[in-house]
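Working notes for the structure below.
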Amino acid sequence: EAAVTQSPRSKVAVTGGKVTLSCHQTNNHDYMYWYRQDTGHGLRLIHYSYVADSTEKGDIPDGYKASRPSQENFSLILELASLSQTAVYFCASGTNSDYTFGSGTRLLVI
Amino acid sequence: GDSVTQTEGQVALSEEDFLTIHCNYSASGYPTLFWYVQYPGEGPQLLFRASRDKEKGSSRGFEATYDKGTTSFHLRKASVQESDSAVYYCALSDPGGYQNFYFGKGTSLTVIP
Numbered sequence: 001e002a003a004v005t006q007s008p009r010s011k012v013a014v015t016g017g018k019v020t021l022s023c024h025q026t027n028n029h030d031y032m033y034w035y036r037q038d039t040g041h042g043l044r045l046i047h048y049s050y051v052a053d054s055t056e057k058g059d060i061p062d063g064y065k066a067s068r069p070s071q072e073n074f075s076l077i078l079e080l081a082s083l084s085q086t087a088v089y090f091c092a093s094g095t096n097s098d099y100t101f102g103s104g105t106r107l108l109v110i
Numbered sequence: 111g112d113s114v115t116q117t118e119g120q121v122a123l124s125e126e127d128f129l130t131i132h133c134n135y136s137a138s139g140y141p142t143l144f145w146y147v148q149y150p151g152e153g154p155q156l157l158f159r160a161s162r163d164k165e166k167g168s169s170r171g172f173e174a175t176y177d178k179g180t181t182s183f184h185l186r187k188a189s190v191q192e193s194d195s196a197v198y199y200c201a202l203s204d205p206g207g208y209q210n211f212y213f214g215k216g217t218s219l220t221v222i223p
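As given, the protein sequences belong to chains A and B, one line each in that order.
For the first sequence, the numbering used here assigns the number 1 to the initial residue and increments by one for each residue that follows.
For the second sequence, the numbering used here assigns the number 111 to the initial residue and increments by one for each residue that follows.
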């Protein structure tokens, strides 16, 4: 079954540390996305990619990097984690008519 | 640029009430429109989509009609249940848009038994 799988499901990180969130899709979609979700803010787009080895900035890219080494994999990297980056992160893959989310990664920065 | 506007941020209803969540869009092309639902602790999942003017999408008692004239795709349900409590997102996919997919800010629905 086609799916978007995120890992880890939850993580506790220390301030200033490096965090990598991973996403793998089996949908064969060209587009992949990273969102963060905070209470009261809905989904906010961080980075996206429409082809391997290329990433684009979304609406709130500051403090985040992204990597798309293959069509199936898309990572979100926090080089220096900060308290304000505590949130739930969702990965998604999509086309014009189909869009699938992962189950989310709950990140707590302490 | 492309965008989706949901008017209501939070809605509280009693069971069996009628639900309307308003969604208006702006797009350069002829987009496909979507409603997604997100239950607590889960990722958003597709409720239904519509891709042409006057097309009605529906699922689980929810429905919305694509209206190109008013650029709207309002979500409606005749009689809500407590299990419908969730966050609802309107979205569009525009082949002419760079990001390809755009979401509204979401509407949190609470149904009181």
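Glycine included, C-beta positions come from ideal geometry on N, C-alpha and C.
Beta-carbon contacts of residue i that lie in its chain and below 7 Å, excluding the five residues immediately before and after
| i | result |
| --- | --- |
| Leu80 (chain A) | Gly16 |
| Ala87 (chain A) | Arg36, Gln37, Asp38, Leu107 |
| Ser54 (chain A) | Arg68 |
Opening and closing residue of the beta strand (DSSP E) in which residue i lies
| i | result |
| --- | --- |
| Ile111 (chain A) | The structure shown does not extend to residue 111 (chain A), since chain A is modelled only from 1 to 110, so the question has no answer here. |
| Thr20 (chain A) | 19 to 25 |
| Val12 (chain A) | 10 to 13 |
| Glu62 (chain A) | Before going on, a small fix: residue 62 (chain A) reads as Asp here, not Glu. Premise fails: Asp62 (chain A) is in no beta strand (DSSP E) and is neither H nor E. |
| Leu157 (chain B) | 155 to 160 |
| Phe74 (chain A) | 73 to 78 |
Interface partners of residue i on chain A, CB under 7 Å
| i | result |
| --- | --- |
| Pro154 (chain B) | Phe101 |
Contact set for residue i: own chain, Cβ-Cβ below 6 Å, skip 5 residues either direction
| i | result |
| --- | --- |
| Gly94 (chain A) | His29, Tyr31 |
| Ala52 (chain A) | Arg68, Ser70, Gln71 |
| Asp224 (chain B) | Nothing can be reported for residue 224 (chain B), as the shown portion of chain B is limited to 111 through 223. |
| Asp127 (chain B) | Val190 |
| Ser124 (chain B) | Ile222 |
Listed by chain order, chain A residues near residue i by CB distance under 8 Å
| i | result |
| --- | --- |
| Arg159 (chain B) | Ser97 |
Residue(s) in a DSSP beta bridge with residue i
| i | result |
| --- | --- |
| Ala201 (chain B) | B:Phe144, B:Phe213 |
| Glu56 (chain A) | A:Tyr48 |
| Glu173 (chain B) | B:Ser168, B:Arg186 |
| Thr100 (chain A) | A:Ser93 |
| Gly42 (chain A) | A:Asp38 |
| Thr115 (chain B) | B:Asn134 |
| Ala87 (chain A) | A:Leu107 |
| Lys124 (chain B) | For clarity, residue 124 (chain B) is Ser in the given sequence; the question names Lys instead. For Ser124 (chain B), which the question treats as bridged, DSSP gives the partners B:Ile222. |
Contact set between residue i and chain B, taken where Cβ atoms lie within less than 7 Å
| i | result |
| --- | --- |
| Phe90 (chain A) | Gly153 |
Beta-carbon proximity list for residue i, same chain, < 8 Å, skipping 5 on both sides
| i | result |
| --- | --- |
| Tyr176 (chain B) | Leu143, Ala160, Ser161, Arg162, Asp163, Lys164, Glu165, Lys166, Gly167, Phe183 |
| said: With a threshold of 8 Å, are at least 3 pairs of Cβ atoms found where one atom belongs to the region 57 to 74 of chain A and the other to the region 117 to 133 of chain B? | reply: no
| field | contact_flag[the region 154 to 169 of chain B, the region 130 to 143 of chain B] where n(CB pairs < 8 Å) is 3 or more | value | yes
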